[in-house]
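Residue numbers (our numbering): 4 to 600. First the structure, in the form of structure tokens, and then the observations on it.
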Amino acid sequence: MMDTMQGLKRTKYCGEFTAEDIGREAVACGWVQRARDKGMLVFIDLRDRTGIVQLAFDDRTDAELRAKAQTVRSEFVLMAKGEVRRRESVNPDLPTGEVELYVSDLRILAKAQTPPFEITDKTNVKEELRLKYRYLDLRRSEMQHAILMRHKIVKAAHDYYDRNGFLEIETPSLIKSTPEGARDYLVPSRVHPGCFYALPQSPQQYKQLLMLSGYDRYMQIARCFRDEDLRADRQPEFTQIDLEMSFVDEEDVMTVNEGFMAHVFKEVLGVGIPTPFLRMPYDEAMERFGSDKPDTRFGMELCDLSDLLGGCEFKVFKGALEAGGSVRALNVKGAADHLSRKEIDKLVDFVKAYRAKGLAYTRLTADAETSSYEKFLTDAEKEAIRGRLGAEKGDVLLIVADGNNQTVFDSLGALRVELANRLGLIPEGKFNFLWVTDFPLFEYSEEEGRYVAKHHPFTHPAFEDLDKLESDPGACHARAYDMVLNGCEVGGGSIRINTPELQERMFEALGFSEESARAKFGYLIDAFKYGAPPHGGMAYGLDRLVMLMLGKSSIRDVMAFPKVQNASELMTQCPAEVDEKSLRELSIAVTAREEAE
Numbered sequence: 004m005m006d007t008m009q010g011l012k013r014t015k016y017c018g019e020f021t022a023e024d025i026g027r028e029a030v031a032c033g034w035v036q037r038a039r040d041k042g043m044l045v046f047i048d049l050r051d052r053t054g055i056v057q058l059a060f061d062d063r064t065d066a067e068l069r070a071k072a073q074t075v076r077s078e079f080v081l082m083a084k085g086e087v088r089r090r091e092s093v094n095p096d097l098p099t100g101e102v103e104l105y106v107s108d109l110r111i112l113a114k115a116q117t118p119p120f121e122i123t124d125k126t127n128v129k130e131e132l133r134l135k136y137r138y139l140d141l142r143r144s145e146m147q148h149a150i151l152m153r154h155k156i157v158k159a160a161h162d163y164y165d166r167n168g169f170l171e172i173e174t175p176s177l178i179k180s181t182p183e184g185a186r187d188y189l190v191p192s193r194v195h196p197g198c199f200y201a202l203p204q205s206p207q208q209y210k211q212l213l214m215l216s217g218y219d220r221y222m223q224i225a226r227c228f229r230d231e232d233l234r235a236d237r238q239p240e241f242t243q244i245d246l247e248m249s250f251v252d253e254e255d256v257m258t259v260n261e262g263f264m265a266h267v268f269k270e271v272l273g274v275g276i277p278t279p280f281l282r283m284p285y286d287e288a289m290e291r292f293g294s295d296k297p298d299t300r301f302g303m304e305l306c307d308l309s310d311l312l313g314g315c316e317f318k319v320f321k322g323a324l325e326a327g328g329s330v331r332a333l334n335v336k337g338a339a340d341h342l343s344r345k346e347i348d349k350l351v352d353f354v355k356a357y358r359a360k361g362l363a364y365t366r367l368t369a370d371a372e373t374s375s376y377e378k379f380l381t382d383a384e385k386e387a388i389r390g391r392l393g394a395e396k397g398d399v400l401l402i403v404a405d406g407n408n409q410t411v412f413d414s415l416g417a418l419r420v421e422l423a424n425r426l427g428l429i430p431e432g433k434f435n436f437l438w439v440t441d442f443p444l445f446e447y448s449e450e451e452g453r454y455v456a457k458h459h460p461f462t463h464p465a466f467e468d469l470d471k472l473e474s475d476p477g478a479c480h481a482r483a484y485d486m487v488l489n490g491c492e493v494g495g496g497s498i499r500i501n502t503p504e505l506q507e508r509m510f511e512a513l514g515f516s517e518e519s520a521r522a523k524f525g526y527l528i529d530a531f532k533y534g535a536p537p538h539g540g541m542a543y544g545l546d547r548l549v550m551l552m553l554g555k556s557s558i559r560d561v562m563a564f565p566k567v568q569n570a571s572e573l574m575t576q577c578p579a580e581v582d583e584k585s586l587r588e589l590s591i592a593v594t595a596r597e598e599a600e
């Protein structure tokens, strides 16, 4: 029979004890981090979400009470009453290390089996085991700190947007499926057999309707769902800080949200963020960094060599240029002693993952020069390349050539970041913000054989491109903007279309027939007929923002109960099969199970 709390109430959290409490009676409760039995002396480190305090028992302690303390093991749940006293041996590494609780009443509220891993921040067990026992993993102070910081960021968002006139309005979680982009998660309706709801990928259409409804400034901490392949910074369910504003242009939206970033970094981390942020057009970001979310904490920018090689006979370079592509390079300064020929060969495999056919190199060590391509060039071409790149002894020149410019950008952009990480070029504790603007309105999908929206079909085209919407969609730019932090997109948005005529033109440019556009978005088109104000907004990936602010490498480290790579949860083992009765009530017959077997 376990003890009860009856007659005791917690007076202080474990991590809050200080020297000012000496001589006072206090009650603390929590989990046992560690117990040390030294015979007549027993010490227990008691832990809760605020920290650790030491419980002490000695030769003056009642013998029965001391014997009870000697039965305590790691992760037992205790409540202890006693007098706060100064420790004989101060622990400078512990915030409460000056004091201890000399126990006069000990309650064992729950016993615990030996956990599958030690509850400590220095644990080196595999992530799969931590996620299987996530309720134990969440006891670790590192995880509790991350969850606490997440709470503070959300609170800062509520406070900031409330002070700036935003109303928090909830939007539905069961909506109409409008497939365009990532796959929807579908929810069958029992009341309407054969029909399905979708879980929202974002509250996009609803927040636009709220602007039409006159609410002027909206925000929401919104749960979103996308059925897509996962990676370190993606989850099937995630959280957005979502907002929308009426009677605004791009500058208004960006200014308000620069203010939010400055506020949240100051409130949560105590870090000052200078504003306004750098603005960089999409084309410049791609040319310089090979990415629409460039990491500007280090240099090593891309260099276009195409104009130097117009008459080049080297078939790799020549073929790329004749196909309408480009030849671009990185100069990895001073890396010749760090990148061996073997390591460069591995980089070839790296860029092939981004569809590049290969990686040409020149390695300029102090003793020798080796190159995979220079023997195919004239001396003039060779010197022109080295001159353009500012090549010196100790440098490594890496070149990608391809008939598709996007392949060149993708491969070199990714290689740039990979090398910076390997060579330790990225400074710690630095936060570089910028806005990427002037995005293409469309991108061509080879898979679908048509143009698709770069962001979403409600993005307003640039005013100067309105006459090209039907005649030259590939040349149209969007009134869109992405906020980038340290090479990651933390938020993005746009000014929206607010007239039915322009929205219908947009649907036509995307290849929707009038019937299909009306079937999917008829209510939105109709709503715009009743007067929609100019409006725009954006959404932040909350999980990604927390990850970046805390310097984590995965959003799984800042979510309480994340999914793994195959979108399953190891702790509850979902998704799982359901019983036949539940399926019959939904008028569903499952065949995938049988086919898989």
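A virtual CB, placed ideally from N, CA and C, is assigned to each residue, including glycine.
In terms of Cα proximity to glycine 293, the closest of Gly18, Val330, Ile558 is Val330. Distances from the CA of arginine 453 to each of Glu511, Ala423, Asn127 were compared; the closest alpha carbon is that of Glu511. Relative to the Cα of aspartate 286, the nearest Cα in the group Glu421, Glu28, Tyr209, Phe412 belongs to Phe412. No Cβ-Cβ contact shorter than 8 angstroms links leucine 170 with tyrosine 209. The alpha-carbon of lysine 114 is positioned some 16 angstroms away from that of arginine 142.
Counted as a single uninterrupted DSSP element, the alpha helix (DSSP H) harbouring isoleucine 150 occupies residues 144-166.
Per DSSP, proline 578 has no beta bridge partner at all.
By the CB criterion at 8 angstroms, glutamate 254 and glycine 539 fall outside the cutoff. In the structure shown, the three-state DSSP call for aspartate 340 is coil.
The C-beta distance from isoleucine 498 to histidine 463 rounds to 5 angstroms, short enough to fall under 8 angstroms. By the beta-carbon neighbour count (other beta carbons within 10 angstroms, threshold 16), histidine 195 is exposed.
Pairing lysine 155 with valine 271 gives a Cβ-Cβ distance under 8 angstroms. In the structure shown, glycine 477 adopts helical secondary structure according to DSSP, grouped into three states.
The alpha carbon of valine 493 has as its nearest neighbour, out of Arg482, Asp475, Leu551, the alpha carbon of Leu551. Among the bridge pairs identified by DSSP, alanine 225 is matched with Gln243. For arginine 137, the enclosing alpha helix (DSSP H) stretches over residues 137-140. Between the alpha carbons of threonine 7 and alanine 83 lies a gap of roughly 12 angstroms.
With 16 or more other Cβ atoms inside 10 Å of its own Cβ, leucine 488 counts as buried.
When DSSP states are grouped into helix, strand and coil, tyrosine 364 belongs to the strand group. Note on geometry: alpha-carbon atoms of phenylalanine 531 and glutamate 507 lie some 11 angstroms from one another. Setting aside the 5 residues that flank it on each side, leucine 573 is surrounded in the same chain by Glu131, Leu134, Lys135, Val567, each with a C-beta closer than 7 angstroms to its C-beta; the list follows chain order. Shown here, leucine 392 sits in a helix according to DSSP, grouped into three states.
Closest option to proline 537, judged by alpha-carbon separation, among Glu583, Phe461, Leu548: Phe461.
Methionine 289: member of the alpha helix (DSSP H) spanning 285-292, first to last residue.
In the displayed model, glutamine 36 falls within a strand according to three-state DSSP. Taking all protein chains in view, the Cβ of phenylalanine 79 is crowded by 16 or more other Cβ atoms within 10 Å, so the residue is classified as buried. When secondary structure is reduced to three states using DSSP, glutamate 304 falls in the coil class, being assigned neither helix nor strand. In this model, threonine 64 and cysteine 32 are separated by some 19 angstroms (Cα to Cα).
The DSSP assignment places 436-440, 445-448, 453-456 as complete runs of the beta strand (DSSP E) inside the stretch 414-468, in order along the chain (cut-off: 3 residues). For serine 585, the three-state secondary structure derived from DSSP is helix. Residue nearest to leucine 589 within the set Phe20, Val190, Ser92 is Val190 (criterion: CA-CA distance). Under the 10 Å beta carbon count, cysteine 479 is surrounded by 16 or more other beta carbons and is classified as buried.
With a beta-carbon spacing of about 50 angstroms, leucine 400 and asparagine 501 fall beyond the 8 angstroms limit used to define contacts.
Between arginine 391 and cysteine 306, the CB-CB gap stays under 8 angstroms.
When C-alpha distances from aspartate 108 are compared across Asn94, Ala159, Ala70, the shortest belongs to Ala70.
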